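Remarks on the structure that follows.
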Amino acid sequence: MPTQYPDILFQQKINKEIKIEPKDWMPEAYRKTNIRQISQHAHSEIVGMLPEGNWISRAPTLKRKAILIAKVQDEAGHGLYLYSAAETLGITRDEMIDDLHCGKAKYSSIFNYPSLTWADMGAIGWLVDGAAILNQVALCRTSYGPYARALVRICKEESFHQRQGFETLLVLSQGTVDQKAMCQDAINRWWWPSLMMFGPKDSESTNNDMGIKWKIKRKTNDELRQNFVDMAAEQVKVLGMSLPDPALQWNEANKKYDFGELNWDEFWKVVKGNGPCNKQRLAARVKAHEDGAWVREAAVAYQRKRKAAVRSSFGEAKEAV
Ligand SMILES: [Fe+2]
Ligand SMILES: [Fe+2]
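Structure representation (structure tokens):
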């Protein structure tokens, strides 16, 4: 194949399931799509720490507190792997952080909803991490190598998150009348925003076509949303709770659940920055970044000192010879 057709060679590699690596030739749009998707994913992990971090100091027991701290810490780790994966495409960490802080880069809208009760820790783990897993398991086979490899570890940790969330709800669902009501209330509030995590309908998504052709995405938004509904509709029975959708019904002919229409006005409102907590979340991120400036400065100063020490000991060694 003549090398003047790198785009054809590129597509052949994708078709043969050969991973694309940082130094390989790639179409500019492929690079940009991956930068957008991976950095957006990284931002979601970091902003996602906020609604749960909010409950660390109010966890009901020491055991619950330890589990929640571990979970929130995992999300920070996910952010770090993903920022590193995005950096291999030629964008710097500072550029990505700036894009987030100025509102240019998006993160998952789900984190613009408030976490009002302890049961929200369960609902977030079960539904939000559950929806994230479906997206991410499909992405473990994504065509860009560093992203696919980062996702393997992330998925293992996400499945722990989902189970801990479900177990938190299970305990509440077997508790007092108030605890049961709190459990149902959290499910009611998180259900529809979780379905929105899969993005717009396929018919309205602008990123689906190329994403599928380049195997960046492996399943469409609608397919993943359906998988999620089918999973949650069964699991909620174990909790003895219900999902807040009167249209939810098993369809024997299609072998899947039918479900009601999402509130797309609300979806677009939150995406465009006008959800219940958009401003609060971004302000918390900017503050954390500013408050952490001294840590970054100290790390740079320490590294400079170490390098100077190595240089001077090298100089002394040379003089001795
Ligand atoms: Fe995560
Ligand atoms: Fe998670």
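Under our numbering, the first residue of the sequence shown carries the number 3, and numbering increases by one thereafter.
Idealized CB from N, CA, C, for every residue including glycine.
As the structure is a prediction and not an experimental result, all values here were calculated from the model.
Determine, using beta carbons only, whether residue i and residue j come nearer to each other than 8 Å.
i, j, result
"Met51", "Ala133", "no"
"Gln237", "Lys258", "no"
"Ala234", "Gly167", "no"
"His291", "Ile58", "no"
"Leu141", "Leu153", "yes"
"Lys271", "Gly262", "no"
"Met243", "Gln186", "yes"
"Ile112", "Ser196", "yes"
"Ser175", "Leu82", "no"
"Lys203", "Asp232", "no"
State buried or exposed for residue i, treating a residue as buried only when at least 16 other CB atoms are found within 10 Å of its CB.
i, result
"Thr170", "buried"
"Gln305", "exposed"
"Ala285", "exposed"
"Phe316", "exposed"
"Ile325", "With the chain covering only 3 through 323, there is no way to say anything about residue 325."
"Phe12", "buried"
"Pro148", "buried"
"Met3", "The predicted model places Met3 with a pLDDT of 49, which falls under 50 and marks its position as unreliable; any figure quoted below should be read in that light. Counting Cβ neighbours within 10 Å, Met3 comes out exposed, since fewer than 16 surround it."
Once DSSP output is grouped into helix, strand and coil, what is the label at residue i?
i, result
"Lys217", "coil"
"Asp26", "coil"
"Gln251", "strand"
"Tyr146", "strand"
"Phe200", "coil"
"Met3", "Here the model assigns Met3 a pLDDT of 49, short of 50, so the residue's position is not dependable, and the following value carries that caveat. The answer is coil: DSSP assigns Met3 none of H, G, I, E or B."
"Ala140", "helix"
"Glu169", "helix"
"Tyr32", "helix"
"Pro62", "coil"
"Ala88", "helix"
"Trp128", "helix"
"Ser314", "helix"
"Ile20", "coil"
I'd like to confirm something about residue i: is its beta-carbon nearer than 7 Å to some heavy atom of ligand 3, or not?
i, result
"His45", "This structure lacks ligand 3; the ligands present are ligand 1 and ligand 2."
Cβ of residue i versus every heavy atom of ligand 2: is any distance shorter than 7 Å?
i, result
"Asp122", "no"
"His163", "yes"
"Ala134", "yes"
"Glu292", "no"
Using a C-beta cutoff of 8 Å, does residue i count as contacting chain B?
i, result
"Lys67", "In summary, chain B is missing from the structure at hand, where a single protein chain is found."
Which stretch, first to last residue, makes up the beta strand (DSSP E) that contains residue i?
i, result
"Asp260", "258-260"
Could you tell me whether any non-hydrogen atom of ligand 1 is closer than 7 Å to the CB of residue i?
i, result
"Ile71", "no"
"Ile156", "yes"
"Asp267", "no"
"Asp101", "no"
"Asp76", "yes"
"Glu54", "no"
The alpha helix (DSSP H) that contains residue i, what's its start and end?
i, result
"Ala288", "In the sequence on display, residue 288 carries Val and not Ala. Start and end: 280-293."
"Ile10", "8-17"
"Phe269", "266-271"
"Pro53", "51-55"
"Lys239", "223-241"
"Leu102", "95-103"
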